[in-house]
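Contents: one structure, followed by commentary.
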Amino acid sequence: MDPQINKSAPMIELRNVSKWYDSFQALTDVSLIVNKGERVVICGPSGSGKSTAIRCINRLEQHQSGQILVEGVELTQDFKNIELIRREVGMVFQQFNLFPHLTILQNLTLAPRRVRKMPRGQAEELAMRYLTRVRIAEQAHKYPSQLSGGQQQRVAIARALCMEPQVMLFDEPTSALDPEMIKEVLDVMIELAEEHMTMICVTHEMGFARTVADRVVFMDKGQVVEVAPPAEFFANPKNERTKLFLGQLLKH
Amino acid sequence: MIELSLTDILSFLLLAARWTVFLSAIAFVGGGVGALLLLLLRYARPRFGGRFMPVYVEFFQDTPFLLQLFLIFFGLPKLGIDVSPLMAATIGLTLYATAYLAEVWRGCVDAIPRGQWDASASLGMNFVQQMRDVILPQALKISIPPTVGFLVQLIKNTAVTSIIGFHELTKAGEIINNATFQPFITYSIVSLIYFAICYPLTHWSRRLERRLTPTGHR
Ligand SMILES: Nc1ncnc2c1ncn2[C@@H]1O[C@H](COP(=O)(O)OP(=O)(O)OP(=O)(O)O)[C@@H](O)[C@H]1O
Ligand SMILES: [Mg+2]
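Protein chains in written order, with the numbering used here: chain A, 25 to 276; chain B, 743 to 960.
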């Protein structure tokens with residue numbers, strides 16, 4: 025591994041991160057520390073900056089002020105740092121974003137082969153191991169369009185895991201799914217959590233937050249408003265905006 | 743009026759059709775290379791290339807091709823550069839093809855959803871890997887019908903170069919017609935030759951498109 029990585033540093037640290045889209049400020053002084061093995065759920069109303077915040081962590085978006093550190097390595101313009109960090113950080117998207125022109129197996133082996141220069145046989149072995157873990161090994165030779173939404177999302181999780189990341193980011197992984205498929209995806213995520221994978225998960229699945237999260241982060245208008253363990257967060261939220269949000273969530 | 747046998751007419755036209763094919767091929771290949779250069783400039787140097795490409799494309803799309811040809815054929819000699827009809831036709835069609843292909847291909851790359859860039863970037867792939875393994879294979883597939891469609895346009899547009907005296911299929915048809923005064927027969931044959939060149943292309947593009955659509959196992 026690269027000597028820059030500091031194994032005793034927090035997994036992820038955001039220090040006063042701000043981000044603008046042109047003149048619109050999407051993040052304001054966001055600070056957050058996620059330790060190794062910790063599971064953090066981020067929630068908040070639409071447009072509050074949840075996606076923007078986690079997309080900054082692997083540099084899909086660029087922040088303009090403050091610092092982001094992954095295992096002590098600061099995210100800068102430097103390509104080397106960005107590539108190093110992206111290898112450590114896996115991401116799962118709301119829309120799955122599988123590669124439609126490749127089979128499931130090829131979806132999983134592409135990055136290990138190209139980025140980690142793994143021989144094909146070894147990459148396929150690794151891919152089959154993760155496909156088995158998400159219980160979808162028998163679909164390996166199909167194309168993404170032949171799978172259901174829930175199956176596609178499990179493939180997307182396996183694809184990210186094939187790079188053997190230290191952290192997994194999830195951006196509303198179940199929001200695009202039909203209700204009957206949500207559980208199969210959440211089950212895979214719960215298993216990951218039980219294996220002490222460090223996870224940051226944007227989700228409105230409050231049941232998941234309650235059982236899996238170590239801490240819940242509430243964001244509103246680009247700011248972190250409240251951070252608390254789930255029991256405390258749901259039982260007696262301190263901030264007025266949190267109360268309002270939870271009240272609305274419970275009504276549905 | 744001169745009596746010409748059908749074989750004479752046909753062989754005269756077919757010989758000229760070789761120039762139509764040759765000119766189309768040169769302009770298509772030249773235009774393809776030019777378009778790739780424009781796109782490379784656009785993505786690698788967005789500040790300059792991103793501004794230059796639209797200006798170039800707009801100019802060639804929003805002025806008549808005939809005028810572009812006149813500018814080259816009559817304009818360049820005024821600047822002391824002598825151009826033959828072949829030269830003018832080649833330059834004109836190549837510049838024209840560059841503009842259209844650049845625009846078509848840009849549209850195909852831009853049509854690939856942002857999620858594909860996000861996902862490949864999040865897996866640690868660099869720009870070249872993203873392009874080669876994720877974006878271009880998908881863009882290539884959707885680019886085939888419009889690219890071949892444009893090639894057919896290009897072949898038909900070579901007829902315009904007959905106006906500056908370039909001896910291709912349409913010009914040859916005109917010569918035959920002037921000699922035989924049989925416009926109906928002459929131009930029917932000319933049309934059929936164009937059809938015989940273009941139809942297989944259209945047909946082939948449909949087949950290729952179907953083959954590149956992933957449905958089952960490969
Ligand atoms: N590429 C962009 N350009 C301009 N504004 C953007 C862009 N992406 C997001 N925004 C704006 O930034 C704000 C935060 O967006 P973000 O997607 O992070 O919210 P979110 O909390 O993830 O919302 P949702 O729950 O709807 O996914 C929103 O107001 C959004 O309109
Ligand atoms: Mg979002």
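By construction, the Cβ of each residue, glycine as well, lies at the ideal position given by its N, Cα and C atoms.
It should be emphasised that the depicted structure is a prediction, and the values quoted were computed from it without experimental measurement.
Query                                                                                                             : Result
Residue range of the beta strand (DSSP E) that includes Cys225 of chain A                                         : 222-226
Thr76 of chain A beta carbon near ligand 1 (any heavy atom closer than 7 Å)                                       : yes
Buried versus exposed, by CB contacts within 10 Å (16 or more), Thr156 of chain A                                 : exposed
CB contact flag (Phe770 of chain B, Ala839 of chain B, <8 Å)                                                      : yes
Contact with chain A by Ala853 of chain B, beta-carbon distance below 8 Å                                         : no
Strand pairing of Trp16 of chain A, partner residues [DSSP]                                                       : The requested residue 16 of chain A does not occur in the structure, where chain A is confined to residues 25 to 276.
Residues near Leu185 of chain A in its chain [Cβ-Cβ closer than 7 Å; skip 5 each side]                            : Gly114, Tyr154
Minimum length 4: unbroken alpha helix (DSSP H) runs contained in the segment 164-237 of chain A                  : 173-185, 203-218, 230-236
Contact set between Leu134 of chain A and chain B, taken where Cβ atoms lie within less than 7 Å                  : Asp875
Buried or exposed (CB count within 10 angstroms, at least 16 for buried), Thr944 of chain B                       : exposed
Cβ-based burial, Gln895 of chain B [other Cβ within 10 Å; buried from 16]                                         : exposed
DSSP three-state assignment for Asp244 of chain A, whether helix, strand or coil                                  : strand
Distance, Gly73 of chain A Cα to Gln88 of chain A Cα                                                              : 15 Å
Those residues which DSSP pairs with Gly114 of chain A across a bridge                                            : A:Met192
Selection of the segment 853-867 of chain B by Cβ proximity to chain A, strictly under 7 Å                        : Gly857, Gln858, Asp860, Ala861, Ala863, Ser864, Leu865, Gly866, Met867
Exposure of Pro942 of chain B, with buried meaning 16 or more beta-carbon neighbours within 10 Å                  : exposed
Same chain only: Cβ atoms within 6 Å of Ile886 of chain B, ignoring 5 sequence neighbours per side                : Ser947, Leu950, Glu951
Length of the line joining the Cα atoms of Met25 of chain A and Thr133 of chain A                                 : Here the model assigns Met25 of chain A a pLDDT of 44, short of 50, so the residue's position is not dependable and the matter cannot be decided.
Candidates A:Gly174, A:Val65, A:Pro254, A:Asn131, of which the one nearest Glu204 of chain A by Cα                : A:Gly174
Cβ neighbours of His909 of chain B in the same chain (closer than 7 Å, five flanking residues each side left out) : Ala758, Trp761
With 16 other Cβ atoms within 10 Å as the buried cut-off, status of Thr805 of chain B                             : exposed
Any chain A beta carbon closer than 8 Å to Pro887 of chain B                                                      : no
Enclosing beta strand (DSSP E) for Gln872 of chain B [first to last residue]                                      : From DSSP, Gln872 of chain B is part of no beta strand (DSSP E); its letter is neither H nor E.
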